[in-house]
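See below for the structure under consideration.
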Amino acid sequence: MSKKSQKLIIQFLTKQASFVELEALSTWLENPKNEKEFINYIKLNYAIDFNMKQFDAARSKKELQKFISKERRIRQLRKIRNLSKYAALLITFLGIGYLYQNNYFSTAPEFVIPSDSITLQLENGGIKVIHEDDSSKVQDAQGRVIGTQNGTQLVYSSPHAKEELAFNTLTVPYGKRFELQLSDGTKVHLNSGTSLKYPVKFIEGANRHVFLEGEAFFDVTSNKQAPFVVNAEDLNVEVFGTAFNVSAYPEDSSTDVVLVEGSVALYNENKTLKEGITIVPGTKGSLIKKQSNITTEKVDTELYTQWMKGGLIFRNSSFETISKKLERHYNVKIINTNEQLNKEVFNASFNEDTIEVILIYFQNSYNLEYKIEKNTIYID
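Taking my numbering, the leading residue of the sequence shown gets 935, the next gets one more, and so forth.
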């Protein structure tokens, strides 16, 4: 076992690991050989003490799940979820007494980030809550100001040279939108339910890589020496300077790129740029996830960019697809028991209307019945 891996395990066991270290440990444990080393390390280095308290497996599991759940809420990274099974090993080898003695099951109040908060994960793993009616400064690991937030916009500056990449991740919940300007001047509009991971400063002469989950519109600053690459699940979008929309929600059947200006190249993550295709303005390129192939078609780009103005446009859209977009846009849960309605196709345009105005439109169009209870909409 390397010293680095040993340090990660110790940091994890002693609750001193940063979120970055937790992610690194989770990746390391994906290798079955490393998993065995992890188990053996616990056996050899930590004494089992059942005398501190009587071992209660059910209670242990419940309390430990609370601890892990806290990490999930703060981190909001899928990889960290994998650590739950390894944390459970602590119960097997250490017993409930050791965990209580080391304050794993503290009854102190937890700081929980509200689910409707816009958050910024910093390079050191810390989480900063973005308040839309406020302004603040963003600092790097050395305490230097690298960005300024004013309301619903965050602008990065690039006064400090960096030899290696350091990433921030901006996450926008359902019901909200946000604007971001990267250090190279590229502007990004983030839609509801979107997360973007990006360098606080790009390395001069190297490709400008960002990682998207959700939907965003990019207005990329031109730089022929440094292509701009958006990684959206299994699809790469490479440009030099142009304007385009990318929709890459995990629950959708395809990842879609709609080009407004310039040109972009699309290629699968496991292929090269030369094996990809190039699209022109007014074209939508789609990676069909189950088939792993890219298709293209001519489209009206306004249909795919109206969300930036707070509006929604649907053309030949099934009600099932419309429901998904309404859930994201308004931060609601729609429960529809009318299976036939899901298959119906609609054409509709909405500006900055309330969700109730939209429901009344569909009620008049299809004679559906609905009721609203808090953030849940029930449709019969």
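Backbone N, C-alpha and C fix where the C-beta goes; we use that ideal spot for every residue, glycine too.
query: Does the beta-carbon distance from isoleucine 1228 to serine 1220 come in below 9 Å?; result: yes
query: Of the residues Leu1275, Tyr1264, Asn1165 and Thr1120, which one's Cα is nearest the Cα of valine 1291?; result: Tyr1264
query: Taking threonine 1230 as part of the beta strand (DSSP E), name the residues at either end of that continuous run.; result: 1227-1232
query: Relative to the C-alpha of aspartate 1068, which residue among Gly1077, Thr1086 and Tyr1312 is closest?; result: Thr1086
query: Pick from Gln1159, Ile1289 and Ile1222: whose alpha carbon is nearest that of proline 1184?; result: Ile1222
query: According to the neighbour-count rule (16 or more other Cβ atoms, all chains shown, within 10 Å of its Cβ), is leucine 959 buried or exposed?; result: buried
query: Is there contact here, the region 1142-1149 with the region 1165-1174, by at least three beta-carbon pairs under 8 Å?; result: yes
query: Can you tell me which residues form a DSSP beta bridge with valine 1063?; result: Thr1053
query: Report yes if the CB atom of serine 1299 is closer than 9 Å to the CB atom of phenylalanine 1284, and no otherwise.; result: no
query: Check whether the Cβ atoms of leucine 1260 and leucine 1246 sit closer than 9 Å, and answer yes or no.; result: yes
query: Can you list, in chain order, the residues of its chain with a C-beta nearer than 7 Å to that of glutamine 1083? Leave out the 5 residues immediately preceding and following it.; result: Ile1064, Ser1069, Ser1070 and Val1072
query: Quick one: which unbroken beta strand (DSSP E) runs of 3-plus residues sit fully inside the region 1169-1198? Chain order, please.; result: 1169-1173, 1177-1182 and 1188-1195
query: What do you reckon, are the CB atoms on valine 1266 and isoleucine 1311 nearer than 9 Å?; result: yes
query: Do leucine 1114 and leucine 1088 come within 9 Å of each other at the CB atom, strictly closer than that value?; result: yes
query: Pick from Arg1249, Ile1256 and Ile1061: whose alpha carbon is nearest that of leucine 1104?; result: Ile1061
query: Which class does isoleucine 1137 belong to by DSSP, given the choice of helix, strand or coil?; result: coil
query: State yes or no: is the C-beta of valine 1106 within less than 9 Å of the C-beta of glycine 1081?; result: no
query: In whole angstroms, what separates the C-alpha of valine 1198 from that of threonine 1053?; result: 30 Å
query: Tell me the DSSP secondary structure of arginine 1078 in three-state form.; result: coil
query: Counting along the chain, where does the beta strand (DSSP E) carrying tyrosine 1312 start and finish?; result: 1310-1313
query: Using a Cβ-Cβ cutoff of less than 7 Å, which residues in the same chain neighbour aspartate 1316 once the five nearest sequence positions on both sides are dropped?; result: Within the shown structure, residues of the chain are numbered from 935 to 1314, placing residue 1316 beyond reach of any answer.
query: Under the rule that 16 or more other beta-carbon atoms within 10 Å means buried, what is valine 1214, buried or exposed?; result: exposed
query: How many Å lie between phenylalanine 1162 and asparagine 1301 at the Cα?; result: 48 Å
query: Identify the continuous alpha helix (DSSP H) that holds glutamate 1261 and give its terminal residues.; result: 1253-1264
query: Distance check for glycine 1119 and asparagine 1157, CA to CA, integer angstroms please.; result: 11 Å
query: Measuring straight from C-alpha to C-alpha, what distance separates aspartate 1287 and glutamate 1138?; result: 44 Å
query: Does isoleucine 1269 pass the burial test, meaning 16 or more other C-beta atoms within 10 Å, or should it be called exposed?; result: exposed
query: Nearest to leucine 1193 by CA position, among Phe1136, Thr1239, Ser1092 and Val1122, is which residue?; result: Thr1239
query: Would you list the residues sitting across from phenylalanine 1280 in a DSSP beta bridge?; result: Ser1251
query: Hey, how far is the Cα of alanine 1160 from the Cα of glutamate 1203?; result: 19 Å
query: Quick one: what's got a C-beta closer than 8 Å to asparagine 1272's C-beta in the same chain, skipping five residues either side?; result: Leu1302, Ile1313 and Asp1314
query: Do you know how far the Cα of threonine 1217 is from the Cα of glutamate 1231?; result: 6 Å
query: In terms of alpha-carbon separation, which member of Lys1277, Phe1174 and Glu1149 lies closest to threonine 1155?; result: Phe1174
query: Closest to alanine 1282 by C-alpha separation, out of Asn1250, Phe1112, Lys1224 and Ser1257, would be which residue?; result: Asn1250
query: Among the residues of its own chain, which have a CB less than 7 Å from the CB of alanine 1140, if the five just before and after it don't count?; result: Ala1160
query: Under three-state DSSP, which class holds lysine 1205?; result: coil
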